[in-house]
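K.L.:
Before I ask anything, let me first share the structure, which is written out below as structure tokens.
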Amino acid sequence: MIEKYTKNIIKKSRELYINGYSQEEICKKLNIPHGSIWKFLKDIPTNKRKKLPKLFRPKYQLPINSKYMSKEKARIIGYLASEGHVRLDEGYDKKLRPFHKSNGIGYRLCKHKNALISFYNTEIILIKKYMKDFYKVYKIKTKYIKKEYEVKIRSVEVYKDLIRYCKFGSRDWYIPKGILNNKTFSKEWLKAFCDGEAYIDNKSKRIVINSVNKKGLISIKKLLEQLNIKSKIYGPYYWKKFKSFRITIKGKDNLIKFNKNIRFYHPKKQIILQKIL
0 MIEKYTKNII KKSRELYING YSQEEICKKL NIPHGSIWKF LKDIPTNKRK KLPKLFRPKY
60 QLPINSKYMS KEKARIIGYL ASEGHVRLDE GYDKKLRPFH KSNGIGYRLC KHKNALISFY
120 NTEIILIKKY MKDFYKVYKI KTKYIKKEYE VKIRSVEVYK DLIRYCKFGS RDWYIPKGIL
180 NNKTFSKEWL KAFCDGEAYI DNKSKRIVIN SVNKKGLISI KKLLEQLNIK SKIYGPYYWK
240 KFKSFRITIK GKDNLIKFNK NIRFYHPKKQ IILQKIL
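In terms of numbering that gives the first Met the number 0, the sequence shown opens at residue 0 and continues consecutively.
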């Protein structure tokens, strides 16, 4: 087996192996059959090799700019807090996966991670805005599933980036400090959140946000106070096993300030607000 290879190929393959390349990668580089070079590699001890490459490399590296807060990212976080789903699933692969051993290659069960980022809405204008923002921040094209009214993507890298700022979920969401302490970002977050969660009571002439997350509503109240908009939290209200709370913005002055400083991207909600005023 060894005799049919030149000294140059043997030398090159040994160099690549010492530098951390796998047998499969070496065979591809040197254009030789897979599994035919182990005989002259097996005498190289593992401690002489460089750190082995990861068996499961990330398929996608996030752009450098995506690590920083922006208007687009503030809106993404706001949309996901109101009508989104951010989840990480971990488990074991069904098939055995190869790994490097001192005396060759072994097989074992390996853990896998699978992250899901979903946004639900029936208003196509908001869907397009979310998809546009997502692409601008992460340079990833997302797809709208019309039957489920959902935009979803699976990416562990995006998941890790998002949870640096806050938790998600109906009971756990809150406004990140990097957004709360910045007027521009806080307005965009609140606008996106209200697009999903707020509704306008036309008869009582008020904006209402219901949530099971009282702490989250308190942070919204603080944000509104920064913009000189008065609001009030009511509750708890009980329905079956659920306990919910409500924040309301009422009074013409407060609604005018909301319309001037925040507004809605949701076209129907903005039209109703304009009619009230």
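For every residue, glycine included, the Cβ atom is placed at its ideal position computed from N, Cα and C.
Our contact map puts TYR78 next to TYR148 with C-beta atoms below 8 Å; I'd like the distance itself, whole angstroms only.
P.N.:
One-based indexing of the sequence shown puts residue 78 at position 79. One-based indexing of the sequence shown puts residue 148 at position 149. That belief does not hold up - the Cβ atoms of TYR78 and TYR148 are roughly 13 Å apart, past 8 Å.
K.L.:
Is the Cβ-Cβ distance between SER65 and TYR164 less than 7 Å?
P.N.:
Translated into the one-based positions of the sequence shown, residue 65 becomes position 66. Translated into the one-based positions of the sequence shown, residue 164 becomes position 165. No; because the gap between Cβ atoms is not below 7 Å, this pair is not in contact.
K.L.:
By Cβ distance below 7 Å, which residues in the same chain neighbour LYS140 in space, the five residues on each side in sequence not counted?
P.N.:
Your numbering for residue 140 matches position 141 in the sequence shown. So the list reads TYR134, once near-sequence residues are dropped.
K.L.:
Take LYS72 and list the residues in its own chain whose beta-carbon comes closer than 6 Å to its own, dropping the five residues that flank it on each side.
P.N.:
Counting from 1 along the sequence shown, the entry for residue 72 is found at position 73. VAL136, listed in sequence order.
K.L.:
Can you round the beta-carbon distance between LEU15 and LYS28 to whole angstroms, since I take them to be within the 8 Å contact cut?
P.N.:
Position 16 of the sequence shown, counted from the start, is the residue given in the question as residue 15. Position 29 of the sequence shown, counted from the start, is the residue given in the question as residue 28. Contact holds; Cβ gap of about 7 Å.
K.L.:
Is there contact between the region 207-227 and the region 245-258, where contact requires at least three CB pairs shorter than 8 Å?
P.N.:
Contact between the region 207-227 and the region 245-258 is present, because at least three Cβ pairs lie under 8 Å.
K.L.:
Using a 10 Å radius around the Cβ and a threshold of 16 neighbouring Cβ atoms, would you call GLN225 buried or exposed?
P.N.:
Walking along the sequence shown from the start, residue 225 turns up at place 226. Answer is exposed; the Cβ neighbour count stays below 16.
K.L.:
Using only CA atoms, which one of SER218, ASN18, LEU254 lies nearest to ILE228?
P.N.:
What you label residue 228 is simply residue 229 of the sequence shown in a count that begins at 1. Selected option, being the one with the closest Cα: LEU254.
K.L.:
Is ILE275 near LYS176, with beta carbons less than 7 Å apart?
P.N.:
The sequence position of residue 275 within the sequence shown is 276, counting from 1. The sequence position of residue 176 within the sequence shown is 177, counting from 1. The answer is no: Cβ separation not under 7 Å.
K.L.:
Give me, in chain order, the residues of the same chain whose beta-carbon lies closer than 7 Å to that of ASN18; leave out the 5 immediate sequence neighbours on both sides.
P.N.:
Residue 18 sits at position 19 when you count from the first residue of the sequence shown. So the qualifying residues of the chain are LYS49.
K.L.:
Report buried or exposed for LEU87, applying the criterion of at least 16 other Cβ atoms within 10 angstroms of its Cβ.
P.N.:
For the purposes of this step, residue 87 is identified with residue 88 of the sequence shown, where counting begins at 1. Answer is exposed; the Cβ neighbour count stays below 16.
K.L.:
Would GLU307 and ARG74 qualify as a contact pair, given that the criterion is a beta-carbon distance under 7 Å?
P.N.:
Only positions 0 to 276 of the chain appear in this structure, which leaves residue 307 out of reach.
K.L.:
Would you decide whether GLN273 is buried or exposed? Buried here means 16 or more other CB atoms lie within 10 Å of its CB.
P.N.:
Within the sequence shown, numbered from 1, the residue matching residue 273 stands at position 274. Classification of GLN273: exposed, given that the 10 Å Cβ count is below 16.
K.L.:
In three-state DSSP terms, what is GLY77?
P.N.:
Here the question's residue 77 lines up with position 78 in the sequence shown. Helix.
K.L.:
DSSP beta-bridge partners for ARG205?
P.N.:
To locate residue 205, count along the sequence shown from 1; it is residue 206. Beta-bridge pairing links ARG205 to ASP200, LYS249.
K.L.:
Just the Cα atoms here: how many angstroms apart are PHE263 and SER230?
P.N.:
As a first step, residue 263 is located in the sequence shown; it is residue number 264 there, counting from the start. As a first step, residue 230 is located in the sequence shown; it is residue number 231 there, counting from the start. So the two alpha carbons sit approximately 17 Å from each other.
K.L.:
From this set, ASN7, HIS84, SER185, LYS268, which residue's C-alpha is nearest LYS166's C-alpha?
P.N.:
The count along the sequence shown starts at 1 and reaches residue 166 at position 167. Comparing Cα positions, the closest option is HIS84.
K.L.:
Could you tell me whether the Cβ atoms of SER12 and ILE25 are closer together than 7 Å?
P.N.:
Numbered from 1 along the sequence shown, position 13 holds the residue referred to as residue 12. Numbered from 1 along the sequence shown, position 26 holds the residue referred to as residue 25. For SER12 and ILE25, yes; Cβs fall inside 7 Å.
K.L.:
Would you identify the three-state DSSP class for VAL211, choosing helix, strand or coil?
P.N.:
Reading the sequence shown from its first residue, position 212 is the one you call residue 211. Residue state, collapsed to three classes: coil.
K.L.:
Kindly list the residues whose CB is nearer than 6 Å to the CB of LYS70, restricted to its own chain and excluding five residues on each side of it in sequence; keep chain order.
P.N.:
Here the question's residue 70 lines up with position 71 in the sequence shown. Counting only Cβ-Cβ distances below 6 Å, and skipping sequence neighbours, we find GLU187.
K.L.:
Taking LYS127 as part of the alpha helix (DSSP H), name the residues at either end of that continuous run.
P.N.:
As a first step, residue 127 must be located in the sequence shown, where it is residue number 128. Note, LYS127: alpha helix (DSSP H), 123-137.
K.L.:
Thinking C-alpha only, which one of PRO62, ILE8, GLN60, ILE63 is nearest TRP37?
P.N.:
Reading the sequence shown from its first residue, position 38 is the one you call residue 37. The shortest Cα separation from TRP37 among PRO62, ILE8, GLN60, ILE63 belongs to ILE8.
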